[in-house]
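Colleague:
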Amino acid sequence: MAVLARASAAEIEALLAETKPPPGHIRLRGPEIGLVMVRGRSGGAGAPFNLGEMTVSRCTVRNEEGRIGHAYIAGRDLRHAELAATVDAAMQDDAWHDALERAVIAPLAAAQEHARAALARKAAGTRVQFFTMANMRS
Amino acid sequence: MAYVAVKGGEQAIDAAHAWLTEERRGDPRLPEITTAQIAEQLGRSVDRVMAEGSCYDPGLAALAVKQAQGDLIEAAFLLRAFRTTLPRFAASQPIDTDAMQIRRRISAIYKDLPGGQMLGPTYDYTHRLLDFQLMEMSSAIADPPPATEPSPAAESAMRERIKRVSAILAHEGLIEGDGVSDDPPGDLTREPLAFPAARDLRLQALARGDEGFLLALGYSTQRGWGGTHPFVGEIRVGEVTVEIEPPELGFPLEIGEITVTECQMVNQFKGSKSVPPQFTRGYGLCFGYSERKAMAMALVDRAMRAEELGEESIAPAQNIEFVLSHCDNIEATGFVEHLKLPHYVDFQSELETIRRLRREAAAFALHGRREAAE
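Heads up: the sequence lines are chains A and B, in that order.
Under this note's numbering, the first residue of the first sequence carries the number 28, and numbering increases by one thereafter.
Under this note's numbering, the first residue of the second sequence carries the number 12, and numbering increases by one thereafter.
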């Protein structure tokens, strides 16, 4: 779910189009938009506090095999939430799990890992060593 | 006297709004700006609107910026209004800034802090000269020089968890800890603020507070109005994962990432009868890349802890009620700007009062002269 949440609906759709489509589904709840209150911790590790809200889409589906899939995805893309819920439902079935893992999750995870590595490389390129003058009067 | 409702003026209001739409569009011979362009190219505006609108959604914030013609307080207002139309599904697990994917991380107190310092995409060290090349479309601009290739070791170090500087100082016991508490925090969007507000509510108010107001208050503490001798222990900017635990699932779920800025301000503390001298801290955390805001927030957070730490509380920044009652720019703009609405009835009554007082004063003066003459 973490991988599906970080991908875009278009990326998921493109990968699903190249594999055997997961079973059809009916919507049990949503897709709908709401909010999640994001919490931080005072001082970074202390008592929690409410930082502010973020938009989130959620969807619950039941597929033709009777599996229930849930998705909560940052943002307002309802299609994204429904796709993720569909994949979530299908992946609870062992027969589907490995196929979708290979066709959808693994390539998305690899792309996300690649993007993370690229960002880390950029940040590392701005690594800095400052030198302060020991004592300006000496 | 309470505000008295007015009615009428519909036609004039419609015409005014039609003109506003035209003004917003500007010269129709120029291409219309898209919200995607705003989100991509005016990211700092979008970040500020998300922070002060207290709603993380770059697309919506970009729309608000476009609709408000770049008026960021109006845009934050639009975002706040929109958020009230949505149900709240859940509260997240507290975000873990230790696990942030770091874009920028600096410390003013340690040269060689573990994990290193990364400047990231900063305006620091620029010369603040207008870049006239930006007046041209970027196709006319030469590619920027390629970034220095980091060593493989530096790159792999970036992939590890980078501990907050407070955790490093804590090893020596020279800095106050964060304390341990998992009590559910108060929420000022659900319950009205009561004073003195606890730190969880103060941090929530500061995180959505006006950057300019907090900047000025933070500045005032540096100039002696509640001095706290601050050092930037650490500033970090980057992406953190947001996790929720929906009740119907019963296990935590990653729903995506958000960009946040965190500031650890380290401050002197003389100590008290029960506490040895040590460093204390102020904390800043806000949505987006908003370093100035996070720093100002950390200064004001520390200043508001004066009473808790047994310090004299004399300056505006240390006054919890003063800060929290005035840091919200949506509330402030509402009350200030309502003054321009028709106040005819209030004013008439004031006018009556002034006239009566003057009549009485004139009668008294006349009476006094007569008495003196008699």
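The beta carbon of each residue, even a glycine, is placed where N, CA and C say it ideally should be.
Treat the numbers as computed from the prediction; the structure is a model and nothing was measured.
Give me the Cα-Cα distance between A/A34 and B/Q233, rounded to the nearest whole angstrom.
Modeller: The alpha-carbon atoms of A/A34 and B/Q233 are separated by roughly 44 Å.
Colleague: Pair every Cβ in the segment 191-210 of chain B with every Cβ in the segment 237-247 of chain B, then say whether three or more of these pairs are closer than 8 Å.
Modeller: They do not touch, by the three-pair rule.
Colleague: From the DSSP output, in three-state form, read off B/F262 for me.
Modeller: Coil, per DSSP.
Colleague: Please identify the residue among A/M64, A/R56, A/A32, A/D121 whose C-alpha is closest to the C-alpha of B/D198.
Modeller: Closest by alpha carbon: A/M64.
Colleague: Identify whether A/L127 lies in helix, strand or coil by the three-state DSSP scheme.
Modeller: If DSSP states are grouped into helix, strand and coil, A/L127 belongs with the helices.
Colleague: From this set, A/A29, A/A37, A/V30, which residue's C-alpha is nearest A/L105's C-alpha?
Modeller: Closest option to A/L105, Cα to Cα, is A/A37.
Colleague: For B/R59, which of helix, strand or coil comes out of DSSP?
Modeller: In this structure, B/R59 counts as helix in the three-state DSSP scheme.
Colleague: DSSP state of B/N278, grouped into three classes?
Modeller: Three-state result, B/N278: strand.
Colleague: So B/E245 and B/S118 are supposed to be a Cβ contact under 8 Å. How far apart are they, rounded?
Modeller: Between B/S118 and B/E245 the Cβ distance is about 5 Å, and since that is below 8 Å, they are a contact.
Colleague: Within the same chain, show all residues whose beta-carbon is closer than 7 Å to that of B/R175, passing over the 5 residues directly before and after it, in chain order.
Modeller: So the qualifying residues of the chain are T108, D109, E245, Q275.
Colleague: Please specify which runs of the beta strand (DSSP E), each continuous and at least 3 residues long, are wholly inside the segment 85-144 of chain A, giving them in chain order.
Modeller: 95-101, all fully within the segment 85-144 of chain A.
Colleague: Check for me: the alpha helix (DSSP H) holding B/R370 runs from which residue to which?
Modeller: Looking at the DSSP string, the run of the alpha helix (DSSP H) that includes B/R370 is 355-384.
Colleague: What are the uninterrupted segments assigned as alpha helix (DSSP H) that are 4 or more residues long and contained completely in the segment 76-105 of chain B, given in chain order?
Modeller: Runs found: 83-94.
Colleague: Less than 7 Å between CB atoms is the rule here; does B/G127 satisfy it with respect to chain A?
Modeller: So, interface residue.
Colleague: The beta strand (DSSP E) spanning B/Y294 covers which residue range?
Modeller: B/Y294 -> beta strand (DSSP E) spans 291-298.
Colleague: Buried or exposed: where does B/Y300 fall if 16 or more other Cβ atoms within 10 Å of its Cβ makes it buried?
Modeller: The residue is buried, with at least 16 neighbouring Cβ atoms inside 10 Å.
Colleague: Under the three-state reduction of DSSP, which class applies to A/M64: helix, strand or coil?
Modeller: In this structure, A/M64 counts as strand in the three-state DSSP scheme.
Colleague: Report yes or no: do the segment 111-125 of chain A and the segment 85-93 of chain A share at least 3 C-beta pairs separated by less than 8 Å?
Modeller: Taking 8 Å as the limit for Cβ pairs, the verdict is that the segment 85-93 of chain A does touch the segment 111-125 of chain A.
Colleague: Measure from the C-beta of B/V251 to each C-beta in chain A and report whether the shortest distance is under 7 Å.
Modeller: Chain A contact via Cβ: absent.
Colleague: What's the C-alpha gap between B/I173 and B/M61?
Modeller: Spanning the two alpha carbons is a distance of roughly 26 Å.
Colleague: Could you tell me which residues DSSP puts in a beta bridge with B/C338?
Modeller: Per DSSP, none; premise fails for B/C338.
Colleague: Do B/G64 and B/L83 have their beta-carbon atoms positioned less than 7 Å apart in this structure?
Modeller: No; because the gap between Cβ atoms is not below 7 Å, this pair is not in contact.
Colleague: Would you call the segment 273-292 of chain B in contact with the segment 307-322 of chain B, where contact means no fewer than 3 C-beta pairs closer than 8 Å?
Modeller: Yes, the segment 273-292 of chain B touches the segment 307-322 of chain B.
Colleague: Please list, in chain order, the chain B residues whose beta carbon lies closer than 7 Å to that of A/R143.
Modeller: By Cβ distance, chain B contributes Q112.
Colleague: Against A/T153, what residues of chain B qualify as contacts under a CB-to-CB distance less than 7 Å, listed in chain order?
Modeller: Those within 7 Å of A/T153 in chain B are M129, L130, G131.
Colleague: Please report the straight-line C-alpha distance between A/Q156 and B/G126, rounded to a whole angstrom.
Modeller: The alpha-carbon atoms of A/Q156 and B/G126 are separated by roughly 12 Å.
Colleague: Strictly under 7 Å for the Cβ-Cβ distance: is B/Q386 near chain A by that measure?
Modeller: Lying before the first or after the last residue shown, residue 386 of chain B is absent from chain B, which here runs from 12 to 385.
Colleague: Mind listing the chain C neighbours of A/H97? Cutoff is C-beta to C-beta under 9 Å, in chain order.
Modeller: In the displayed structure, chain C is absent; the protein chains listed are A and B.
Colleague: What residues from chain B crowd round A/P49, counting only those whose CB sits closer than 9 Å?
Modeller: Correct list: empty, because the minimum Cβ distance to chain B is about 19 Å.
Colleague: Find out if the Cβ-Cβ distance for the pair B/T270, B/C297 is shorter than 7 Å.
Modeller: In this structure, B/C297 does not lie closer than 7 Å to B/T270 by Cβ.
Colleague: State buried or exposed for A/S165, treating a residue as buried only when at least 16 other CB atoms are found within 10 Å of its CB.
Modeller: Confidence at A/S165 is low in this model, with a pLDDT of 42, below 50, so the placement of that residue should be treated as unreliable; the coordinate-derived value is given next. It is exposed - the Cβ of A/S165 has fewer than 16 other Cβ atoms within 10 Å.
Colleague: Can you give me the C-alpha to C-alpha distance between A/A138 and B/T291, rounded to a whole angstrom?
Modeller: The straight-line gap from Cα to Cα measures roughly 42 Å.
Colleague: Can you list, in chain order, the residues of its chain whose CB lies under 7 Å from that of B/C338, leaving out five sequence neighbours each side?
Modeller: Here the set comprises A216, L217, G220, D221, F224, L225.
Colleague: Beta-carbon within less than 6 Å of B/P69's beta-carbon, same chain only, minus the 5 sequence neighbours each way: which residues are those?
Modeller: Excluding residues within five positions, the ones whose Cβ falls inside 6 Å are A50, V57.
Colleague: First and last residue of the beta strand (DSSP E) that includes B/Q48?
Modeller: Not the beta strand (DSSP E): B/Q48 falls in the alpha helix (DSSP H), residues 46-52.
Colleague: Take the Cβ of A/E45 as the centre, count every other Cβ of all protein chains shown within 10 Å, and call the residue buried at 16 or more, exposed below.
Modeller: It counts as exposed.
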